[in-house]
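See structure below.
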Amino acid sequence: MRKALVISLSVFISCIVFAQQKLDQLTVEKIMRDPKWIGTSPSNISWSNDGSTLFFNWNPDRHPADSLYYITLANKVPAKASIAQKQLLDVENNYNYNQQRTAYVYAKGGDIFLTEVKTGKTRRITQTTDTESNPQFSFNETKIVYNRSQNLYAWDIASGETLQLTNIKASDAAGSGGGFGRGSDATTRAGNNPQEQWLKNDQLQYFQVLRERKEKREATEAYNKSLPKEKELRSISIEDKSLQGLTISPDGRFVSYRLFKAAPSAGSKATIVPSYVTETGFTTDIPARTKVGSQQGSAEYFVYDRVKDTLIAIKTDSIPGIQDLPDYVKDYPKQLEEKKKKPANRAVIVSSINWSPKGTYAVLDIRSQDNKDRWLMLFDTSSGKIKVLDRQRDEAWVAGPGISAFGGGNTGWIDDNTFWFRSEASGYSHLYTVNASTGTKKALTSGNYEVQQASLSKDKKYFYISTNEVHPGEQHFYRLSIADGKKEKLTSMTGSNQVTISPDEKYLAILHSYSKKPWELYFPEN
Numbered sequence: 044m045r046k047a048l049v050i051s052l053s054v055f056i057s058c059i060v061f062a063q064q065k066l067d068q069l070t071v072e073k074i075m076r077d078p079k080w081i082g083t084s085p086s087n088i089s090w091s092n093d094g095s096t097l098f099f100n101w102n103p104d105r106h107p108a109d110s111l112y113y114i115t116l117a118n119k120v121p122a123k124a125s126i127a128q129k130q131l132l133d134v135e136n137n138y139n140y141n142q143q144r145t146a147y148v149y150a151k152g153g154d155i156f157l158t159e160v161k162t163g164k165t166r167r168i169t170q171t172t173d174t175e176s177n178p179q180f181s182f183n184e185t186k187i188v189y190n191r192s193q194n195l196y197a198w199d200i201a202s203g204e205t206l207q208l209t210n211i212k213a214s215d216a217a218g219s220g221g222g223f224g225r226g227s228d229a230t231t232r233a234g235n236n237p238q239e240q241w242l243k244n245d246q247l248q249y250f251q252v253l254r255e256r257k258e259k260r261e262a263t264e265a266y267n268k269s270l271p272k273e274k275e276l277r278s279i280s281i282e283d284k285s286l287q288g289l290t291i292s293p294d295g296r297f298v299s300y301r302l303f304k305a306a307p308s309a310g311s312k313a314t315i316v317p318s319y320v321t322e323t324g325f326t327t328d329i330p331a332r333t334k335v336g337s338q339q340g341s342a343e344y345f346v347y348d349r350v351k352d353t354l355i356a357i358k359t360d361s362i363p364g365i366q367d368l369p370d371y372v373k374d375y376p377k378q379l380e381e382k383k384k385k386p387a388n389r390a391v392i393v394s395s396i397n398w399s400p401k402g403t404y405a406v407l408d409i410r411s412q413d414n415k416d417r418w419l420m421l422f423d424t425s426s427g428k429i430k431v432l433d434r435q436r437d438e439a440w441v442a443g444p445g446i447s448a449f450g451g452g453n454t455g456w457i458d459d460n461t462f463w464f465r466s467e468a469s470g471y472s473h474l475y476t477v478n479a480s481t482g483t484k485k486a487l488t489s490g491n492y493e494v495q496q497a498s499l500s501k502d503k504k505y506f507y508i509s510t511n512e513v514h515p516g517e518q519h520f521y522r523l524s525i526a527d528g529k530k531e532k533l534t535s536m537t538g539s540n541q542v543t544i545s546p547d548e549k550y551l552a553i554l555h556s557y558s559k560k561p562w563e564l565y566f567p568e569n
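Note that our numbering has the sequence shown beginning at 44, numbered continuously upward.
Written out as structure tokens, the structure is:
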């Protein structure tokens, strides 16, 4: 009897263990539950400006939403950030340094500030009811240029003087209205009507006081015109277009901007997405984008030479392949024949301009609106013409890590003559450089993998890159030498390693996950 009891108890325990194992197995129902049952992972990693503090979003207490936490070099225990710390972090994310990183400028509360790194002293550049934004060092870093009311202003660091650089207006200023108030001339109101003109001449013939007034006014106008005048700031009208990407070259000579005109609303009906779960209980419509193939807006790009007072319109009609048709047109012989008879330039848009550190060169990133081509074009500041440095064509869609036009592209200058970018010309996103003066291209990476992230080191001798070179499902962080192309692997944990390097490049913040492990935060030295 005792033996039977032991056997029964063993069977009972085995059933409990088996049932528990079944419960521990992941199911579709369990996967779709609220993720709080597996804990909340840290996310949105960012460093403080001095590199001493690491901030991240986290929710260990299972609140309705994540909160901002931080750890420091001295204390690795996570603590919840204060409101003041969060506000400071938001400002720090917009710091813009000079080349020597001895000072930085930023916008806060609609005003502009300048801080010296060594002393920590902050100077307030503006204090107005207008909103000033996008401050940057220019004029060989002797001035701070910022945007106010769609115009650029420059503040001299040494003297404190402010200079308006552009006079961009939505439309040409309308002539002042009439009226017979002070300073107006009633006689000028006579139009081209013969009867009114006869009356004006008759008045001047018989009224000596009117003749004297006219002679005095004309003499005053002639005298004022003869006086030497300071050169007026050129007025640039953008008419009914939208101003975008207003910026200035590092030497302060060239101002560049894009004018965009939206497509007519007629015939470009937006798609509608129904929202069924609403507070009112009634279905509402969520406006979405227009359908693919709808008429797109048009854009023009201009560069204003402040020294020569000339406005240069960037002409794209000579870009290589500007009239090339996509391959799919070959499947429609009639349409192909019509397009061959009347070849037309494809619509393009200049998505960005990137000036070299001294303002010697500028590279324009130009995309075709059919998304088949991306051109990197060198802008010649002396002639106003552009020439191709790199062309990438994809019959599907030009995109990929560091290439997408939707905010994913990142490019820059290693020095005043060497430009770096990423391209999928090989079928994979890789890192390249091109010599601006010779046009010589060089591949820094190659192989059957993607360079998913890339950033230039402070000393501009290395690239920090993330790739899936080890395995398509893994992500690792490397330091790539520009001089010899050697890579040093800085992460070792199997899985995905998303790395954010500290501003002084001494520490790495690693978000790591594996196929059966959620994201966790690691904090090693570089």
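Think of the CB as a built atom: it goes at the ideal place given N, C-alpha and C, for glycine as much as any other residue. Remember, predicted model here, so these are calculated numbers, not experimental data.
Name the two residues that bound the continuous alpha helix (DSSP H) containing residue i.
i    : result
V134 : I126 to E135
Look up residue i in the DSSP assignment and say whether it is helix, strand or coil.
i    : result
G226 : Residue placement at G226 is flagged as unreliable, the pLDDT there being 41, under the threshold of 50; the coordinate-derived value follows with that caveat. Note: G226 maps to coil in three-state DSSP.
P376 : helix
G220 : Note on G220: pLDDT 40, under 50, position unreliable in the model; no value is reported.
D11  : Missing from the structure shown is residue 11; the chain here goes from 44 to 569 and no further.
A265 : helix
K243 : helix
K259 : helix
Q251 : helix
T404 : Reading off the sequence, residue 404 comes out as Tyr, not Thr. Correct three-state label for Y404: coil.
Q193 : coil
D370 : helix
V49  : Because the pLDDT at V49 is just 40, under 50, the model does not fix this residue reliably, and the value given afterwards should be weighed accordingly. V49 falls in the helix class under three-state DSSP.
P363 : coil
N569 : coil
K529 : coil
P237 : helix
K382 : helix
M420 : strand
L551 : strand
Y557 : strand
V441 : coil
I357 : coil
I446 : coil
Y471 : coil
Is any non-hydrogen atom of the ligand NAP found closer than 7 Å to the C-beta of residue i, if you look at the structure I gave you?
i    : result
F506 : The ligand NAP is not among the ligands present in this structure, which contains no ligands whatsoever.
Which residue wins for smallest C-alpha separation from residue i, given the options the options?
i    : options                   : result
S110 : E438, A122, L116 and K164 : A122
N177 : V148, K377 and D133       : V148
R301 : A526, K501 and S395       : S395
I279 : E239, E531, K334 and L208 : L208
L157 : W562, T172, T185 and A306 : T185
L499 : I525, A479, G482 and Y113 : I525
K613 : V120, T96, H106 and T483  : With the chain running from 44 to 569 in the structure shown, residue 613 is simply not present.
I126 : A213, F98 and S337        : F98
G153 : E159, T171 and E322       : T171
Y112 : P85, N92, R105 and V134   : P85
Within the continuous beta strand (DSSP E) that includes residue i, where are the two ends?
i    : result
R501 : It is Lys, not Arg, that sits at residue 501 in the sequence shown. Looking at the DSSP string, K501 is not in any beta strand (DSSP E), and its letter there is neither H nor E.
M75  : Run containing M75: none; DSSP gives neither H nor E here.
K334 : Here K334 belongs to no beta strand (DSSP E), and DSSP marks it neither H nor E.
D433 : I429 to R436
H514 : Taken as a continuous stretch (DSSP letters only), H514 belongs to no beta strand (DSSP E), as it is neither H nor E.
T42  : Given that the chain is displayed from residue 44 to residue 569, the structure contains no residue 42 and the question cannot be resolved.
D348 : S341 to D348
T172 : Element bounds for T172: n/a, residue is neither H nor E.
P561 : K560 to Y565
I544 : S539 to I544
T481 : Counting along the chain, T481 falls outside any beta strand (DSSP E), and DSSP gives it neither H nor E.
N210 : N210 to K212
R522 : H519 to S524
Give every residue of the same chain whose Cβ lies closer than 7 Å to the Cβ of residue i, excluding the five residues on either side of it in the sequence, and list them in chain order.
i    : result
Q518 : Q495, S509, N511, S539, N540 and Q541
R144 : V160
L421 : Y404, V406, I429, K430, L432 and A479
Kindly list the residues whose CB is nearer than 8 Å to the CB of residue i, restricted to its own chain and excluding five residues on each side of it in sequence; keep chain order.
i    : result
L379 : L368, V372 and K373
I25  : The structure shown does not extend to residue 25, since the chain is modelled only from 44 to 569, so the question has no answer here.
Q366 : P386, A387, N388 and R389
A331 : A313, T314, I315 and V316
G340 : F303, K304, A305 and A306
K549 : G94, E568 and N569
Just to confirm my understanding: we take residue i, look at its own chain, exclude 5 residues before and 5 after, and list those with CB closer than 6 Å. What are they?
i    : result
T403 : D459
T476 : T461, W463 and K485
M536 : H555
W440 : N414
Counting only runs that start and end within the segment 87-164, where is the alpha helix (DSSP H) found for 4 or more residues in a row?
-> The alpha helix (DSSP H) runs of length 4 or more contained entirely in the segment 87-164 are, from start to end of the chain, 126-135.
Which full runs of the alpha helix (DSSP H) of 4+ residues lie inside the segment 279-323, going along the chain?
-> Qualifying alpha helix (DSSP H) stretches: none in this window.
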